[in-house]
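Comments concern the structure below.
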Amino acid sequence: MAKKRLVSGMRTTGSLHLGHLEGTLKNWVALQEEYDCFFFAAVWHAFTDRLKIDDLPSVIKEIIVDWLSVGIDPEKSVIFRQSAMYQHAELCTILSNMTPLGWLERCPTFKDQVRDDDNRSSVSLGKLMYPVLMTSDIAVYKGEMVPVGRDQLPHLELSREIIRRFNSQFGEILKEPEAKLSSVPLLLGIDNRKMSKSYDNGIYLRETPETLKKKIQMMVTDPQRVRRNDPGDPEVCTVYAYHKIYTPDRLDEIAQGCRTASIGCRDCKMILFERINAMLEPFREKRAQIESKSGYIEDVLHAGEKRAHEVAEKTMHEIRKAMGFLF
Ligand code: TRP
Ligand code: SF4
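Residues 13 to 339, numbered by this note's numbering, are exactly what the sequence shown covers, in order.
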């Protein structure tokens, strides 16, 4: 039986951190076996947040290298840039006409933005259209499965409704995609706030052992545990939240050691450092290997974009025909 088609994108907003790895990439790597996967760099979507992205070509290349270094495999998956696929934009223009303005204005991500900005002139049409472009990204490949985080569920619900409208008007051409939620807990930054570039609190895939050690040493712990002999509460500690993911086999020992002050925060952090460092090491090796082959990323993208182009053109041809653009 043919594999189901799966489509997902990641915005090109900068270096990838452990949140991307645990929340998205590990999931993508596993899904490659079971689905016909299309993974793309959502370059246009990145501009809905800010217009100035320093050295975008390098940002895109870095992201693709990072994907490959953790195990996204160009032999198994189609890897490409949204910005190389004009069919997404063509379909977006078409679908924008079957999307009631009210649906977009009620979308939670958009509503939050408008509420935060007293200055409405900074809210762009692109931001409002975000879900329509996202729908096009998926529909142009007739994507059936879309792995997303919980925050993206309202977008996907909109996608299904837009696609339903299209199909009822022009025939059953597109597929209603299903969301595939990843079950990974949210990783917070080293200061226990949301992991974000603007807080400078992330742990990146490209950390060296030295920078990684520094960041882990800076992580906030239980604020009540001031002296080495003070007992701590692991449940309020950022380090422990990371241990839940990276040291599941020694959790009880660590929690117990913290509560009885038999281990110090420094030792506790060293255990975590060793674990994360050991996880990153093979990624570093793979990255060095990829980066030593000049033109490799260009080749991967070229092949992916050629394949994506074939599939997208086929869908667009059906649509152009159904809508009467061809004669
Ligand atoms: N909005 C998604 C995010 O921020 C990125 C994205 C763009 C996407 N187009 C997509 C994800 C299509 C899945 C399918 O995470
Ligand atoms: Fe956190 Fe570990 Fe220190 Fe306990 S011992 S407060 S879990 S760093």
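Beta carbons are placed, not taken as given, at the ideal position from N, Cα and C, and that holds for glycine.
These numbers were taken from a predicted model, which means no experiment stands behind them.
Could you tell me whether the Cβ atoms of residue i and residue j are closer together than 8 Å?
i, j, result
"residue 57", "residue 23", "yes"
"residue 51", "residue 20", "yes"
"residue 224", "residue 254", "no"
"residue 146", "residue 192", "no"
"residue 111", "residue 90", "no"
"residue 31", "residue 207", "yes"
"residue 148", "residue 119", "no"
"residue 201", "residue 18", "no"
"residue 266", "residue 243", "no"
"residue 221", "residue 289", "yes"
"residue 313", "residue 76", "yes"
"residue 345", "residue 251", "There is no way to answer for residue 345, as the model of the chain reaches only from 13 to 339."
"residue 215", "residue 100", "no"
"residue 323", "residue 153", "yes"
"residue 159", "residue 316", "no"
"residue 342", "residue 72", "Since the first residue shown for the chain is 13 and the last is 339, residue 342 is missing from the structure and cannot be characterised."
"residue 138", "residue 60", "yes"
Taking only the alpha-carbon atoms, compute the straight-line gap between residue i and residue j and give it to the nearest angstrom.
i, j, result
"residue 248", "residue 106", "50 Å"
"residue 80", "residue 298", "8 Å"
"residue 38", "residue 287", "16 Å"
"residue 260", "residue 151", "39 Å"
"residue 42", "residue 36", "10 Å"
"residue 258", "residue 161", "20 Å"
"residue 67", "residue 25", "11 Å"
"residue 186", "residue 325", "13 Å"
"residue 296", "residue 218", "7 Å"
"residue 167", "residue 231", "34 Å"
"residue 134", "residue 83", "39 Å"
"residue 70", "residue 321", "23 Å"
"residue 16", "residue 45", "11 Å"
"residue 176", "residue 275", "58 Å"
"residue 226", "residue 195", "29 Å"
"residue 331", "residue 96", "20 Å"
"residue 203", "residue 338", "57 Å"
"residue 78", "residue 310", "14 Å"
"residue 127", "residue 55", "25 Å"
"residue 165", "residue 142", "13 Å"
"residue 121", "residue 169", "13 Å"
"residue 174", "residue 140", "14 Å"
"residue 306", "residue 163", "37 Å"
"residue 240", "residue 264", "19 Å"
"residue 40", "residue 333", "34 Å"
"residue 278", "residue 98", "52 Å"
"residue 271", "residue 236", "11 Å"
"residue 109", "residue 125", "23 Å"
"residue 136", "residue 102", "19 Å"
"residue 304", "residue 273", "47 Å"
"residue 327", "residue 88", "22 Å"
Taking all protein chains shown into account, decide if residue i is buried (16 or more other Cβ within 10 angstroms of its Cβ) or exposed.
i, result
"residue 238", "exposed"
"residue 294", "exposed"
"residue 234", "buried"
"residue 63", "exposed"
"residue 116", "buried"
"residue 13", "exposed"
"residue 329", "exposed"
"residue 199", "buried"
"residue 213", "buried"
"residue 123", "exposed"
"residue 269", "buried"
"residue 171", "buried"
"residue 113", "exposed"
Would you say residue i faces chain D, with C-beta separation under 8 Å as the test?
i, result
"residue 56", "Here there is only one protein chain, and chain D is not present."
Quick one: residues with CB closer than 5 Å to any heavy atom of the ligand SF4, in chain order, please.
Taking each Cβ in turn, the ones that pass are 233, 234, 237, 244, 246, 249, 251, 252, 270, 277, 280.
Restricting to runs no shorter than 3 residues, where is the beta strand (DSSP E) found entirely within the segment 103-179?
Here the runs fully enclosed are 157-160.
Secondary structure, beta strand (DSSP E): runs of 3+ residues fully inside the segment 43-113:
If you keep only unbroken beta strand (DSSP E) runs of at least 3 residues inside the segment 43-113, you get 48-54, 90-93.
Secondary structure, beta strand (DSSP E): runs of 3+ residues fully inside the segment 270-330
Here no run is fully enclosed.
Unbroken stretches of the alpha helix (DSSP H), 4 residues or longer, contained in the segment 227-261:
If only complete runs of 4 or more residues are kept, the segment 227-261 shows the alpha helix (DSSP H) at 250-258, in order along the chain.
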